[in-house]
Amino acid sequence: MRRGTTFGGGRGVHTDMSGQRTGWRRALPSWRTMLGTVLLFLLIVIGGLVGGYLLVEIPPANSAAKAQSNVYLYSDGSELARDGEVNRQNVHLGQVPRHVQQAVLAAEDRDFYAESAIDPAAMLRAAWNTVTGKGKQSGSTITQQYVKNYYLGQEQTLTRKAKEFFIAIKLDREVSKDNILEGYLNSSYYGRNAYGIQAAAQAYYGRDSHRLTTAQGAYLAALLNAPSAYDITAHPGNRSRVLARWNYVLDGMVEQKWLSPGERAAMRFPAPRPAKTSAGLTGQRGYLVEAVRDYLTDHHILDDNTLRSGGYRITTTLGKRRQNAFVEAVDDRLMDRLDDSREVDRYVRAGGASIDPKSGRVVALYGGIDYAKQYVNGATRSDYQVGSTFKPIVFASALQNRSTTQDGERITPQTLYDGTNKRMAVSHGRSTGFAPANEDDRSYGPITVTEATDKSVNAVYAQMGIDVGPGKVKDTAVDLGIPAGTPGLASSQGAISLGTATPSVLDMAQVYATLAQHGSLRPYTLVDKVTKSDEEIELPERERTTALTREAADTTTSILRSVVDGGTGTAAQQAGRPAAGKTGTAEEDKAAWFAGYTPDLATVVAVLGQHPESAAQQPLYGAAGLPRVNGGDFPAQIWADYTAAALRGHPVRDFDLHLAEGAESASPSAEPSDSGSPSPGTSDAPAPGPSGTPPGNTVPPTGAPTTPPATVPPSPTFPTETPPTSEPTEDFPTVGPGDEEPYWQRRRG
Numbered sequence: 000m001r002r003g004t005t006f007g008g009g010r011g012v013h014t015d016m017s018g019q020r021t022g023w024r025r026a027l028p029s030w031r032t033m034l035g036t037v038l039l040f041l042l043i044v045i046g047g048l049v050g051g052y053l054l055v056e057i058p059p060a061n062s063a064a065k066a067q068s069n070v071y072l073y074s075d076g077s078e079l080a081r082d083g084e085v086n087r088q089n090v091h092l093g094q095v096p097r098h099v100q101q102a103v104l105a106a107e108d109r110d111f112y113a114e115s116a117i118d119p120a121a122m123l124r125a126a127w128n129t130v131t132g133k134g135k136q137s138g139s140t141i142t143q144q145y146v147k148n149y150y151l152g153q154e155q156t157l158t159r160k161a162k163e164f165f166i167a168i169k170l171d172r173e174v175s176k177d178n179i180l181e182g183y184l185n186s187s188y189y190g191r192n193a194y195g196i197q198a199a200a201q202a203y204y205g206r207d208s209h210r211l212t213t214a215q216g217a218y219l220a221a222l223l224n225a226p227s228a229y230d231i232t233a234h235p236g237n238r239s240r241v242l243a244r245w246n247y248v249l250d251g252m253v254e255q256k257w258l259s260p261g262e263r264a265a266m267r268f269p270a271p272r273p274a275k276t277s278a279g280l281t282g283q284r285g286y287l288v289e290a291v292r293d294y295l296t297d298h299h300i301l302d303d304n305t306l307r308s309g310g311y312r313i314t315t316t317l318g319k320r321r322q323n324a325f326v327e328a329v330d331d332r333l334m335d336r337l338d339d340s341r342e343v344d345r346y347v348r349a350g351g352a353s354i355d356p357k358s359g360r361v362v363a364l365y366g367g368i369d370y371a372k373q374y375v376n377g378a379t380r381s382d383y384q385v386g387s388t389f390k391p392i393v394f395a396s397a398l399q400n401r402s403t404t405q406d407g408e409r410i411t412p413q414t415l416y417d418g419t420n421k422r423m424a425v426s427h428g429r430s431t432g433f434a435p436a437n438e439d440d441r442s443y444g445p446i447t448v449t450e451a452t453d454k455s456v457n458a459v460y461a462q463m464g465i466d467v468g469p470g471k472v473k474d475t476a477v478d479l480g481i482p483a484g485t486p487g488l489a490s491s492q493g494a495i496s497l498g499t500a501t502p503s504v505l506d507m508a509q510v511y512a513t514l515a516q517h518g519s520l521r522p523y524t525l526v527d528k529v530t531k532s533d534e535e536i537e538l539p540e541r542e543r544t545t546a547l548t549r550e551a552a553d554t555t556t557s558i559l560r561s562v563v564d565g566g567t568g569t570a571a572q573q574a575g576r577p578a579a580g581k582t583g584t585a586e587e588d589k590a591a592w593f594a595g596y597t598p599d600l601a602t603v604v605a606v607l608g609q610h611p612e613s614a615a616q617q618p619l620y621g622a623a624g625l626p627r628v629n630g631g632d633f634p635a636q637i638w639a640d641y642t643a644a645a646l647r648g649h650p651v652r653d654f655d656l657h658l659a660e661g662a663e664s665a666s667p668s669a670e671p672s673d674s675g676s677p678s679p680g681t682s683d684a685p686a687p688g689p690s691g692t693p694p695g696n697t698v699p700p701t702g703a704p705t706t707p708p709a710t711v712p713p714s715p716t717f718p719t720e721t722p723p724t725s726e727p728t729e730d731f732p733t734v735g736p737g738d739e740e741p742y743w744q745r746r747r748g
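Going by numbering that gives the first Met the number 0, the first residue of the sequence shown is number 0, and it counts up by one from there.
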């Protein structure tokens, strides 16, 4: 027989006469080795689990109830504020209605009474989602969360997670589920400095926990997921997220058969009462601390639970002198002019934000007259339309995308458009159903983009936005710093050009800071340094990106300089520095804005109308004795006073602009353009008639410019009287000027 061959008819392992394997098979472990390795691994794991269970004791309660204060500092190191006073009152589980307990279970752990203390599958799934970038997730049961809240700390370390694992198992064996749920309800944080269900019931609804309704309990349960973000009174712009989470809780209760479908259908969201502010956070301090906290949590520097454990020293980017200057400017120009005898003056709110364009550091914020009286932060709220302060984004997008009018003419500051009031905007010869009104229903006829920006002509920017494309306008807005999820940004379609989106004052300051920095965006920051026990917390990188070409940004700056020099923003000249800016007014004059910048500072100011009791947005007609509050009034005046004070002692610098091709060379005698741009004629074209229709005969659009005799001033061209029979494109509103006046016909520039 052959040497090294096994018998038995099967495919054997090749060995020599001594039984040793030969060739590549020598590199493979034998089945005995593999079995031994697996058994050894299992023994180590089992031994580790047993050892951990025996060695890790259930510790005494942690010191979370004695949480330290966090100290917030101005950029110069002087103290801004302290927080950390703990509001907690424990109650027995019997003092929490069953439907409230079930709401918490529906939100956090629906199988709590049936499952073990840990859920390995959920922990692995959460770890995988975190590693793969799908978001940081807990994966913890209520028992694990209770162990973390009551016995351990909030630090994210392997040691803490291991202790949590073993204590949860041991606790589940030694303590009843009811006792664990009671401890969880009493140790959880609900926002508003409220620890435990009783403190939360008082903070949000002014009642004891045993009197909470199902709807109220569902809202408090929803808060557990993200207490600061889901406080709907502090962040009204997050209303859709809050309602989605509240509905998720109630739907879970129906799914678990804890609530009938009929009861669920009858539920209405229970609006919480305004928050009460601690004495240490009155005045501007509360707004500033809230903004910094939100920055830390939104940028994943510290989470809510870790931050509330206290002991952090947080050096902000806010300058004390500039902060005081902002408050003084608002008081002098606005608040001191309000009179309690005028009902509308009770509606007046204000917000402001100021950014150093070079560094992206937020140097000042104005949140309101007093955090204890007006809880919502006017600088960071995102529920008021920005109006015409959005128009520079449309023009910048036109330059960035090398956009043209309907008949192919490149859009520049000198491009002529038709400024006729309520003129129908068109797209490729088709009616869009988009016919916005100009302020005071004024018609302008042929008008350059620069002049249309000076006078904030809605008809021009409505058509320009369609020429560029609403999708491209949105992309440019996001590139400049407006968050992609901003309410109204994605859904406003054609009307996006008129400022129907609701970014915050701080978001708009980011946009204008990017324009001031020649199109180079560096994300803003509110924090310079965070330390705890001499250990410095790492801050995220803020990489600079190019949002616009320099030529597109600088050409936009050139037309915004014209707004300050001779347009609606002339009040900004009082700053005594070269400035660029844009005014804006929201629907029904519920908000007035001024956004502007010098080469050294970008600042946005908004005056907002809000009912003091219902919190509903209110028009500002008659506020402070003015018939109408425009962006060129109080906002521009506040901007000028603040900018002058903030830059006092700094050298006066002019803009260094690199303009786009054709920005200065376009001839005012160029040909008129079809539909999107009126046919350019002489620079002294006749004024429109009293009806708003320019003089001369209208010419139907032809798809090519019409050249009139050289001796006769040309007349702009218009869409045909009757819209085409084809359906409007889906990208635009479909309401024609003959219908009841829609939003964009009520807009003011």
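Virtual Cβ for every residue (Gly too), placed ideally from N, Cα, C.
Asked                                                                                                                                                          : Found
What does a CB cutoff of less than 7 Å around His-610 pick up in its chain, not counting 5 residues either side in sequence?                                   : Tyr-346, Gln-617
Measuring alpha carbon to alpha carbon, tell me which of Tyr-218, Leu-223, Pro-235 ends up nearest Leu-249.                                                    : Tyr-218
What does a CB cutoff of less than 6 Å around Asp-440 pick up in its chain, not counting 5 residues either side in sequence?                                   : Asn-420
For the alpha helix (DSSP H) that Tyr-189 lies in, which residues bound it at each end?                                                                        : From DSSP, Tyr-189 is part of no alpha helix (DSSP H); its letter is neither H nor E.
Out of Tyr-620, Gly-595, Asp-655, point me to the one whose CA is closest to Ala-352's CA.                                                                     : Gly-595
Helix, strand or coil, according to DSSP, for Arg-380 in the structure here?                                                                                   : coil
Roughly how many whole angstroms lie between the Cα atoms of Trp-775 and Ala-221?                                                                              : For the chain, the structure presents residues 0 to 748; residue 775 sits outside this window and is missing.
For chain C, find out if any of its Cβ atoms is closer than 7 Å to the Cβ of Asp-82; answer yes or no.                                                         : Among the protein chains of the structure shown there is no chain C, as only one such chain exists.
If I'm right that Tyr-194 touches Arg-87 with Cβ under 8 Å, what's the distance once you round it to whole angstroms?                                          : 4 Å
By how many angstroms is the C-alpha of His-209 removed from the C-alpha of Lys-531?                                                                           : 39 Å
In chain order, what are the residue ranges of uninterrupted beta strand (DSSP E) at least 3 long that sit wholly in the stretch 340-422?                      : 347-354, 361-365, 415-417
Can you grab the Cα-Cα spacing for the pair Ala-395 / Thr-501, in whole Å?                                                                                     : 19 Å
Just list the residues that DSSP pairs Ala-591 with in beta bridges.                                                                                           : Thr-584, Val-606
Would you list the one or two residues that DSSP bridges to Val-526?                                                                                           : Thr-315
Measuring CA to CA, which of Met-423, Ser-442, Gly-367, Ala-461 is closest to Phe-389?                                                                         : Ala-461
Quick check: the Cα distance between Ser-442 and Thr-404, rounded to an integer number of angstroms?                                                           : 20 Å
Take Glu-726 and list the residues in its own chain whose beta-carbon comes closer than 7 Å to its own, dropping the five residues that flank it on each side. : With a pLDDT of 33 at Glu-726, under the threshold of 50, the modelled position of this residue cannot be trusted; read the value that follows with caution. Cβ within range, chain order: n/a, list empty.
Any idea which residues DSSP pairs Gln-616 with across the strands?                                                                                            : Gln-609
Measure the CB-CB distance between Gly-251 and Ala-378 and report whether it falls below 7 Å.                                                                  : no
Identify whether Thr-431 lies in helix, strand or coil by the three-state DSSP scheme.                                                                         : coil
Since Val-99 and Leu-211 should fall inside the 8 Å C-beta cutoff, what is the C-beta to C-beta distance between them, to a whole number of angstroms?         : 5 Å
Are the beta-carbon atoms of Thr-524 and Thr-316 separated by less than 7 Å?                                                                                   : yes
Determine the DSSP secondary structure at Gly-691, reduced to helix, strand or coil.                                                                           : Residue placement at Gly-691 is poorly supported in this model, since its pLDDT is 33, which falls under 50; the coordinates still yield a value, given next. Coil.
List the residues that DSSP assigns as beta-bridge partners of Lys-531.                                                                                        : Glu-534
Out of Thr-545, Val-504, Met-507, Asp-533, which has the shortest C-alpha to C-alpha gap to Ser-519?                                                           : Thr-545
CB-CB under 6 Å to Leu-398, same chain, minus the five flanking residues each way: which ones, in chain order?                                                 : Ala-551, Thr-554, Ala-659
Rank His-427, Thr-452, Ala-434 by C-alpha distance to the C-alpha of Asp-466 and give the top, closest one.                                                    : His-427
Per DSSP, Asn-86 forms a beta bridge with which residues?                                                                                                      : Ala-193
With a Cβ-Cβ cutoff of 7 Å, do Ile-196 and Val-95 count as a contact?                                                                                          : yes
Are Pro-235 and Asp-382 touching if we call contact CB-CB under 7 Å?                                                                                           : yes
Let me know if Gly-432 comes out buried or exposed under the rule of 16 or more other beta-carbons within 10 Å of its beta-carbon.                             : buried
Any contact between the stretch 270-282 and the stretch 303-314? By contact I mean 3 or more CB pairs, one from each, below 8 Å.                               : no
Just to confirm, are Leu-619 and Gly-608 a CB contact at a threshold of 7 Å?                                                                                   : yes
Could you give the first and the last residue of the continuous alpha helix (DSSP H) run that contains Ile-558?                                                : 549-565
Taking its Cβ as the centre, do 16 or more other Cβ atoms sit within 10 Å of Glu-739, making it buried, or is it exposed?                                      : Confidence is the limiting factor: at Glu-739 the pLDDT is only 32, short of 50, which leaves the residue's position unreliable and the question unanswerable from this model.
Select from Gln-509, Asp-230, Val-477, Tyr-416 the residue whose C-alpha is nearest the C-alpha of Ile-495.                                                    : Val-477
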